Amino acid sequence: MIRERLKEIDFKLTDLAEYLKISRPTLYKFIDLYDKKDYQSINNHVLSLLKYIDENPLVGKKSSINYILTNLVDEKELGTETDVSLFMQIKKLIISEPDSSKSKFLELLVKKSDYNDICEYFIKIYPLLRKRNLSKEEIELLKPYDEIRNIIDNKHKEK
Numbered sequence: 066m067i068r069e070r071l072k073e074i075d076f077k078l079t080d081l082a083e084y085l086k087i088s089r090p091t092l093y094k095f096i097d098l099y100d101k102k103d104y105q106s107i108n109n110h111v112l113s114l115l116k117y118i119d120e121n122p123l124v125g126k127k128s129s130i131n132y133i134l135t136n137l138v139d140e141k142e143l144g145t146e147t148d149v150s151l152f153m154q155i156k157k158l159i160i161s162e163p164d165s166s167k168s169k170f171l172e173l174l175v176k177k178s179d180y181n182d183i184c185e186y187f188i189k190i191y192p193l194l195r196k197r198n199l200s201k202e203e204i205e206l207l208k209p210y211d212e213i214r215n216i217i218d219n220k221h222k223e224k
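Take 66 as the starting number for the sequence shown in the working numbering and just add one per residue.
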């Protein structure tokens with residue numbers, strides 16, 4: 066049963082539906098049809114993924130996501146050539162270093178909204194980090210960042 070196989074590789078159906086850009090009820094229907102071997106009633110993209118997961122016992126969640134991104138996402142959906150290049154860099158990082166702090170943080174950024182304000186702040190200050198002559202307002206804007214850097218630097222010195 067494909068549902069058990071998805072549980073085995075820790076692929077939540079809500080996440081899978083999101084990756085496939087289909088509703089959860091539709092995914093449930095496709096899974097039931099797959100288990101009944103009614104393949105002709107299943108969307109071809111979904112069917113190819115379910116077969117890939119079902120027929121390859123060594124496949125895990127990360128390789129399933131890679132399969133979706135490599136085989137099922139239309140490059141036109143990714144935007145410009147620059148967008149595609151950035152997407153490929155992110156994909157390469159997640160696949161090659163799935164347990165890295167960057168990969169884990171990217172996953173949090175995608176799945177949660179807790180860091181939206183911090184992201185906006187970092188985007189705002191990024192150009193200032195290399196700027197030589199800062200205004201008083203820019204110096205004030207950078208103070209929280211400097212405090213965070215000091216905390217991190219002190220933690221590294223303690224080790």
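For each residue, glycine too, the CB sits at the ideal point set by N, CA and C.
Keep in mind it's a predicted model, so treat the numbers as computed, not measured.
{"Asked": "Do you know whose CA, among 73, 93, 207 and 104, lies nearest residue 79's CA?", "Found": "93"}
{"Asked": "So residue 135 is in the alpha helix (DSSP H); what residue range does that whole segment cover?", "Found": "It is not in any alpha helix (DSSP H) - residue 135 carries neither H nor E in the DSSP assignment."}
{"Asked": "In its own chain, which residues sit with a C-beta less than 8 Å from the C-beta of residue 193, not counting the 5 before and 5 after it?", "Found": "199, 203, 206 and 207"}
{"Asked": "Specify, as a first and last residue, the run of the alpha helix (DSSP H) that residue 214 falls within.", "Found": "201-223"}
{"Asked": "Going by C-alpha distance, which of 122, 73, 221 and 116 is nearest residue 100?", "Found": "116"}
{"Asked": "So is residue 187 buried or exposed if we call it buried at 16+ other beta carbons inside 10 Å?", "Found": "exposed"}
{"Asked": "Check whether chain D comes within 7 Å of residue 219, counting only Cβ atoms and requiring the distance to be less than that.", "Found": "Annotation note: the requested chain D is absent from the structure, which comprises a single protein chain."}
{"Asked": "Is it the case that the stretch 150-157 contacts the stretch 95-109, given that we only count it when at least three CB pairs across the two stretches are under 8 Å?", "Found": "no"}
{"Asked": "Where does the unbroken alpha helix (DSSP H) through residue 162 begin, and where does it stop?", "Found": "It is not in any alpha helix (DSSP H) - residue 162 carries neither H nor E in the DSSP assignment."}
{"Asked": "Since residue 131 and residue 155 should fall inside the 8 Å C-beta cutoff, what is the C-beta to C-beta distance between them, to a whole number of angstroms?", "Found": "Not quite, the Cβ-Cβ distance comes to about 12 Å (not below 8 Å), so this is no contact."}
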